[in-house]
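Notes to accompany the following structure.
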Amino acid sequence: MRLTEWTMEEQEQLIHFMTTSTWPFHGNSNPAREIIEKTIEEGGYESDEVKTFWVENDEHQKVGIVKVFDLQDEIPVFDLRIAESQRGNGYGPSALKKVAEYVFNLPEKKIRVEGHTRQDNFAMRKTFERAGFVKEGHLRKAWFSPKESSYYDAITYGITREDFLEGTTTPVLWDDQQATDQAETKVHTAMRTFPDSFESARLVIRAPQVEDAPLVWESINISQKALKPWMPFAQKSQKIEDTTENIRQATADFITRKDLRLHLFLKETGEFIGSSGFHRINWDIPKVEIGYWLDSRFEGKGYMTEAAERLTEFAFEEFGARRVEIRCDIDNVRSRAVAERLKFTLEGILKHDSLSADGQYVRDTCIYAKIK
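Numbering (my numbering), first residue to last: 46 to 417.
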């Protein structure tokens, strides 16, 4: 991977690159030739303030482009774009590391590099994190999308000169907390890397995506009667907009490792059959709690037992978990059966521990666990 400086002689190549891919998270997702020509003419790709580079892979193919601007300031900003046909090949993080290398090798000794993206641009957020950038800000309703005429949250990421030169990642200290010893400050949990998709014998188990919303919405509404006694979200029929927003938040939580929801699909047909995941995570131990719900059309076939077994293996193998829990209402016979089939130990029953799904009654909670 390398960056090669774009020149005015490559104007046609740039126009072709920009107009033959779609950019869904930019203000103009389908820029016209005239707009690119005007931007070039006005110095938007080459000037004292702006430098543009091709992103080339090891075969010298031009797979992306990056524009570094505000070069007269101490804190340059960049715009990285990977060609639509080349996305998913891991070029983004490598290119972003090259951008940081370019900026911090400038004679002016820049102090930091930063970038911004929309909250739901999960591919770009992963790119930032894998390149050693740290999430530094979350601005609510700060990103306007002209195409959708809607506002989205904006996320700011940055990397400092010190972190780049030392090869370290220093987390932000939120809520004005003070580190007694900066050397002992832990790496932010968002830097933990593990697969966001894996399989069992019959299932594909993966991180949620916004595109899943129609499938999840249909499943919840069809299964509402079965889910209502145990799930707060099933107390009333959901609107598709509610499900979509909920999945957006779940995907953001997955990226930051706050909570790891997972969606379950049949390998054979690709059908969505339910949801599981790792909740109430304590990375210091580490320990997790597995939660789950199943589309009522797929009950009685052992799918949830299979999913929970695979998640348990995943937690021990990928997280180095010391403890995996399954918690459920004392009367949730189906949920208890999953834990018991997997030989989780019933460690105790907490009396008057929680409210019923409808919030009307105090309930007892069973705690099942496996330890390592």
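The C-beta atom is built at its ideal place from N, Cα and C for all residues, glycine as well.
Looking at the DSSP output, Phe123 shares a beta bridge with Val113. For Tyr202, there is no enclosing alpha helix (DSSP H); the enclosing beta strand (DSSP E) has its first and last residue at 195–205. Contact check for Arg170 against Glu101 fails: the beta carbons are separated by 8 Å or more. About 7 Å separates the beta carbon of Leu59 from that of Ile81, a gap short enough to meet the 8 Å contact definition.
Cβ-Cβ distances below 6 Å link Asp115 to Pro121, Val122 in the same chain, with the five nearest sequence neighbours on each side left out; the list follows chain order.
Within the model, the alpha-carbon separation for Pro69 versus Thr410 is close to 45 Å.
Annotation for Leu400: Tyr406, Val407, Arg408 place their beta carbon closer than 8 Å to its own, counting only its chain and skipping 5 residues before and after.
Taking a contact as a CB-CB distance under 8 Å, the pair Val261 and Phe317 counts as one, their CB atoms being some 7 Å apart.
Glu174 sits buried, since 16 or more C-beta atoms from the chains shown fall within 10 Å of its C-beta.
For Ala414, the enclosing beta strand (DSSP E) begins and ends at 407–416. Restricting attention to Val179, Phe361, Glu244, the CA atom closest to the CA of Thr213 is found in Val179. A distance below 7 Å between beta-carbons, with the five flanking residues on each side excluded, links Gly336 to the following residues of its chain, in chain order: Ser321, Gly322, His324.
Distances from the CA of Glu91 to each of Gly72, Val111, Phe359, Phe62 were compared; the closest alpha carbon is that of Val111.
Rounded to whole angstroms, Met63 and Pro76 show a C-alpha spacing of 7 Å. If you check the CB distance, Thr296 and Phe167 come in under 8 Å. In this structure, Ala140 keeps its C-beta atom at 8 Å or more from the C-beta atom of Ser66. For Glu119, same chain residues with a beta-carbon under 7 Å away, outside a window of 5 residues either side, are Lys155, Ile156 in chain order.
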